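Following: one structure in structure tokens, then a few remarks.
Protein chains in written order, with the working numbering: chain A, 21 to 153; chain B, 15 to 150; chain C, 23 to 205.
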């Protein structure tokens, strides 16, 4: 294939990736609006968002095709994959500690029961022992 | 290519708009944090779309900065999230504001009177609520 | 291994310094001597200025395990995003979530963190709380029905941990976790 044909293939692939990424970003927005609970909304904010961003960055890389900027896009994708779960974890933990999580909406809630067990055990003991970290 | 740009733009705008609606509804600050994180990521996608269409490589540092800002913002708010009192999560209507103001003025008048009449009474003034139950 | 305190710290932090230099070079995009030197200087400044706990990595790098991990993770990531999108866009369907606790078998922070990160990005689960000392991970499952039940979700996380350990752990760590060495 000639260079021109490779260019067209890359453009088409880039368009497909951009469309997929935008669709996933839209699904993330719908999810965060529709889901019933704080923890469920975090799912919407993590998974489709990360993959959507990766697809959009792949689309951009296919359009740019050369140059140092492509490496920075790899970096952005790696950052997102590393940091999105951490942000979701911290938000979830803060939600538990400030009482924003409604146990009645969950089928099973082992974290609350474990926390209550730990608190009961700590009240039984005289010393102040924090089981968390 | 124009079709692709328009469709992508519409999808991204719709997603961001829905996330902003969630940011308004709340009901807690953590929901708003997640919603605004999605808005920031949609901004990254939009800037990347613009760069892809115009084949510009010099806006790529914006993507790096936005992704870091989104992450640091969410983590900071989650770190300092506190227990919010009931009813603080939504915007009050005009009647509710008037009723609360009237109540506050009544309380202050009562405090003034009791002070003037010589009784030593502890008045409890909440200046918007402190950081109760700050999350460590 | 040298017991001299300063030399010991350099040895355990050289990986961090290399990684930070790579990040700096990636940011600039050009692989020039100036970029590499600047990256090294900044990496050294960051690692000496900010006291962070050095990561103890006693494992090996197993190429086959890493390949399996990466491929399976990519497939899971794609599947996860579409599953969440389907749940989000399906009209009149409200997902029933659950929070489950999973006891991990490894005794290291690194594998706990890796498993937590990967488990957050794959279908169904999101890490809500991690107890480092006991090795306990608490995950929120988005839809119990779609994950195949609570026990299936628990087993999925344990499988993820097994893939991580088979990619990076040394033989002693595998034995301590109860996973035999695969032929």
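Heads up, the beta-carbon is just placed ideally off N, CA and C, and yes, glycines get one too.
Keep in mind it's a predicted model, so treat the numbers as computed, not measured.
{"query": "Pick out whichever of 58(A), 74(A), 130(A) has its Cα sitting closest to the Cα of residue 176(C).", "result": "130(A)"}
{"query": "Going by the beta-carbon positions, is the gap between residue 46(C) and residue 56(C) smaller than 8 Å?", "result": "no"}
{"query": "Within the chosen definition, does the region 43–60 of chain A reach the region 110–125 of chain C through at least 3 CB pairs nearer than 8 Å?", "result": "yes"}
{"query": "Can you find a CB in chain A that lies within less than 8 Å of the CB of residue 133(C)?", "result": "no"}
{"query": "Determine the chain B residues that contact residue 133(A) at a beta-carbon separation under 7 Å, and present them in chain order.", "result": "Under the 7 Å cutoff, chain B gives no residues; its nearest Cβ is about 21 Å from residue 133(A)."}
{"query": "Please go through the same chain and pick out, in chain order, the residues whose beta-carbon is closer than 7 Å to the beta-carbon of residue 99(C), but skip the five residues on each side of it.", "result": "143, 144"}
{"query": "Could you name the residues of chain A that residue 50(C) contacts, counting a contact when the two beta carbons are closer than 7 Å?", "result": "88"}
{"query": "Excluding the five sequence neighbours on either side, which residues of its own chain have a C-beta within less than 6 Å of the C-beta of residue 153(A), listed in chain order?", "result": "Because residue 153(A) sits at a pLDDT of 45, beneath the cut-off of 50, its placement in the model cannot be relied upon, and the following sentence gives the value as read from the coordinates. For residue 153(A), where only same-chain residues beyond five positions count, there are no Cβ hits under 6 Å."}
{"query": "If we cut at 8 Å on Cβ distances, does residue 83(B) have a partner in chain A?", "result": "no"}
{"query": "Taking residue 125(C) as part of the beta strand (DSSP E), name the residues at either end of that continuous run.", "result": "120–125"}
{"query": "On a CA-only basis, which of 165(C), 134(C), 151(C) is nearest residue 181(C)? Give me that one, please.", "result": "134(C)"}
{"query": "Please state the DSSP three-state secondary structure of residue 97(B).", "result": "coil"}
{"query": "Grab me the residues of residue 54(B)'s own chain with a C-beta within less than 7 Å of its C-beta, minus the 5 sequence neighbours each way, in chain order.", "result": "80, 83, 84"}
{"query": "So, does the CB of residue 15(B) fall closer than 8 Å to a CB anywhere in chain A?", "result": "yes"}
{"query": "Taking the beta strand (DSSP E) that residue 115(C) falls in, what are its first and last residues?", "result": "Residue 115(C) -> no beta strand (DSSP E), and no H or E assigned at all."}
{"query": "Can you confirm whether the region 90–110 of chain A touches the region 86–95 of chain C when touching is taken to mean that 3 or more C-beta pairs between the two stretches lie within less than 8 Å?", "result": "no"}
{"query": "Taking 8 Å as the cut-off, decide whether the C-beta atoms of residue 63(B) and residue 50(A) are in contact.", "result": "no"}
{"query": "Going straight from the alpha carbon of residue 125(C) to that of residue 198(C), what length do you get?", "result": "14 Å"}
{"query": "Nearest chain B C-beta to residue 77(A) closer than 8 Å, yes or no?", "result": "yes"}
{"query": "How about residue 69(C) and residue 39(C): do their beta carbons lie closer than 8 Å?", "result": "yes"}
{"query": "Assuming residue 152(C) is part of the alpha helix (DSSP H), what are its boundary residues?", "result": "Taken as a continuous stretch (DSSP letters only), residue 152(C) belongs to no alpha helix (DSSP H), being part of the beta strand (DSSP E) at 147–153."}
{"query": "When you compare each of 106(C), 121(C), 189(C) to residue 132(C) by their alpha carbons, which one comes out closest?", "result": "189(C)"}
{"query": "Measuring CA to CA, which of 81(A), 72(A), 90(A), 65(A) is closest to residue 59(B)?", "result": "72(A)"}
{"query": "So, under 8 Å CB-CB, residue 138(C) and residue 152(C) are touching, yes? Tell me the CB distance rounded to an integer number of Å.", "result": "6 Å"}
{"query": "If I measure Cβ to Cβ from residue 22(B) and keep anything under 7 Å in the same chain, skipping five residues before and after, which residues do I get?", "result": "63"}
{"query": "Quick check on the burial criterion: 16 or more other C-beta atoms within 10 angstroms. Buried or exposed for residue 93(A)?", "result": "buried"}
{"query": "Whole angstroms is fine: what's the gap from residue 138(A)'s alpha carbon to residue 36(B)'s?", "result": "35 Å"}
{"query": "Residue 173(C) versus chain A: which residues are under 8 Å apart at the beta carbon?", "result": "Going along chain A, no residue has its Cβ under 8 Å from residue 173(C), so there is no contact; the nearest lies around 11 Å."}
{"query": "Per DSSP, what kind of secondary structure is residue 15(B) in: helix, strand or coil?", "result": "coil"}
{"query": "Counting along the chain, where does the alpha helix (DSSP H) carrying residue 63(A) start and finish?", "result": "58–84"}
{"query": "In the structure shown, what three-state DSSP assignment does residue 158(C) receive?", "result": "strand"}
{"query": "Could you check whether residue 30(B) and residue 114(A) sit closer than 8 Å to each other, using their CB atoms as the reference points?", "result": "no"}
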